[in-house]
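K.L.:
Convert by adding 35 to the 1-based position in the sequence shown; the result is the number in this note's numbering.
A virtual CB, placed ideally from N, CA and C, is assigned to each residue, including glycine.
These figures come from a predicted structure and were not determined experimentally.
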Amino acid sequence: MGLNEKPLSTLHEKASYELGDFEVPTGREEAWRFTPLSRLKGLHNGKADPVGHVRVDVDAAPEVTVETVGRDDARVGKSFMPTDRVSAQAWNSFEKATVITVPREAVTSKPTVLTLTGEGDGATYGHIVVKVEPMAEAVIVLDHKGSAVYADNIEFVVGDGASLRVVSLQDWEDDAVHVSHHHAQLAKDATFRSFVVTLGGDLVRLAPSVTYTAPGGDADMSGVYFVDAGQHLEHRLLVDHSQPNCKSNVDYRGALQGEAAHAVWIGDVIIRVEAEGTDTYELNRNLILTDGARADSVPNLEILTGEVAGAGHASASGRLDDEHIFYLQARGIPYDEARRLVVRGFLGQLVEKIQIEEIRERVMDALEAELSR
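1. Determine the extent of the alpha helix (DSSP H) in which residue 120 is found, giving its start and end residues.
2. Given a cut-off of 9 Å, decide if residue 271 and residue 228 are closer than it, judged by their beta-carbon atoms.
3. Ordered along the chain, which non-local residues of its own chain (more than five positions away) have a Cβ less than 7 Å from that of residue 40?
4. Of the choices 276, 203 and 54, whose alpha-carbon is the least far from that of residue 122?
5. Between 250, 254, 115 and 262, which has its C-alpha nearest residue 32's C-alpha?
6. Quick check on residue 291: buried or exposed, where buried means 16 or more other Cβ atoms within 10 Å of its Cβ?
7. Please say whether residue 236 and residue 157 have beta carbons closer to each other than 9 Å?
8. For residue 243, count neighbouring Cβ atoms within 10 angstroms of its own Cβ and tell me buried if that reaches 16, exposed if not.
9. Here's the rule I'm using: 16 or more other beta-carbon atoms within 10 Å means buried, otherwise exposed. How should residue 408 be labelled?
10. If you follow the alpha helix (DSSP H) that residue 101 is in, where does it begin and where does it stop?
11. Give the secondary structure of residue 42 by DSSP, where H, G and I count as helix, E and B as strand, and everything else as coil.
12. Count the other CB atoms, across all protein chains shown, that sit within 10 Å of the CB of residue 113; report buried if there are 16 or more and exposed otherwise.
13. Which same chain residues, not among the five before or five after residue 223, have their C-beta less than 8 Å away from its C-beta?
14. Where do the N-terminal and C-terminal ends of the beta strand (DSSP E) with residue 194 fall, by residue?
15. Helix, strand or coil: which one does DSSP assign to residue 116?
16. Note down the Cα distance separating residue 315 from residue 346, rounded to an integer number of angstroms.
17. Please list, in chain order, all residues of the same chain as residue 57 whose beta carbon is under 6 Å from its beta carbon, the five residues on each side excluded.
18. For residue 409, count neighbouring Cβ atoms within 10 angstroms of its own Cβ and tell me buried if that reaches 16, exposed if not.
19. Got a sec, what are the start and stop residues for the alpha helix (DSSP H) residue 377 sits in?
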């Protein structure tokens, strides 16, 4: 399978399963200009040492089916096509895929948790498919930990009238490198809710995307990240509205502290000619806590029809508000505690959207630990 015959947009011009269709990035390309390629450890140029391993353990809800399948399984690769070289490398390099199936009209009694544990310094590749059949409801948790050089593709296929909630935790060790593409495909009246939490790793680059195959799809994509000294955490989102009367909402927030802490957020929303009645909004906000930290935030909105219900975007990056800190200090709260309260409130507004109490508390505890450093 070669190049996609229909260009995606002026923002995403190429899609292919073939690795050779993508040139090795140099860092001058728009898609790679913020990413320190030298820290990818060869994931982008084929020089990665393929001796690593990421173990996938699944604690599944009793209603779902879990399978480990080969590359020739018809369900693998149906809902997406790679749009950059690392995604294509992962597609061509994985050996086995994990397939989670939620049967028609099933409502799962508990979250299905996939724990991905890195075991080694060499590179490895993965693939996961989550298929939610019509009118079903499910919650999926992706929990990444350990040390790894890892690239993967994850497909979320949400059927007619189905609902899927996903929480993805990037809680890697400090030396990990992770490049991941999350592809959600929404059928008629499908609902997709994702929440991304990125805390660990040396370099983490996530690219969540949403496409629609019929009217009525509704996607909400939220995320929080905390960037420490020397870390590079990058999130590149794409919402492709190609069907009428669909919705999307994006809200990502981050905090940064320490020398050379670097956050990158790119939000791309495309509203095609046929996508009349689209209602979409994307927002990114960054709180810079110390000197030496840097946040790059680029929202893009490409509208090809005038018949939209709503479309907007916003981005803001700045330091702690001195007035907020002064207000709290004037009431006897020490500076360090005042700082924690402000940051906790800034990120906690989003964290409250995580409906799994255990995960929500774990994220808040991790953020508290970051603030205490």
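P.N.:
Checking against the coordinates, here is how it stands:
1. 120-128
2. no
3. Interpretation of residue 40 is limited by its pLDDT of 39, a score under 50 that renders its predicted location unreliable; the figure taken from the coordinates is listed afterwards. Closer than 7 Å at the Cβ level, and outside the excluded window around residue 40, lies no residue.
4. 54
5. Absent from the structure is residue 32, since the part of the chain shown begins at 36 and ends at 408.
6. buried
7. No; because the gap between Cβ atoms is not below 9 Å, this pair is not in contact.
8. buried
9. exposed
10. Note, residue 101: premise wrong, no alpha helix (DSSP H); beta strand (DSSP E) at 100-105.
11. With a pLDDT of only 43 at residue 42, under 50, the local geometry of the prediction cannot be trusted, and the value read off the model is given with reservation. Coil.
12. exposed
13. Correct list, in chain order: 195, 196, 248, 249, 250, 251 and 252.
14. Element bounds for residue 194: n/a, residue is neither H nor E.
15. coil
16. 5 Å
17. 120 and 123
18. No statement about residue 409 is possible, as the shown extent of the chain runs from 36 to 408 and does not include it.
19. Note, residue 377: alpha helix (DSSP H), 370-386.
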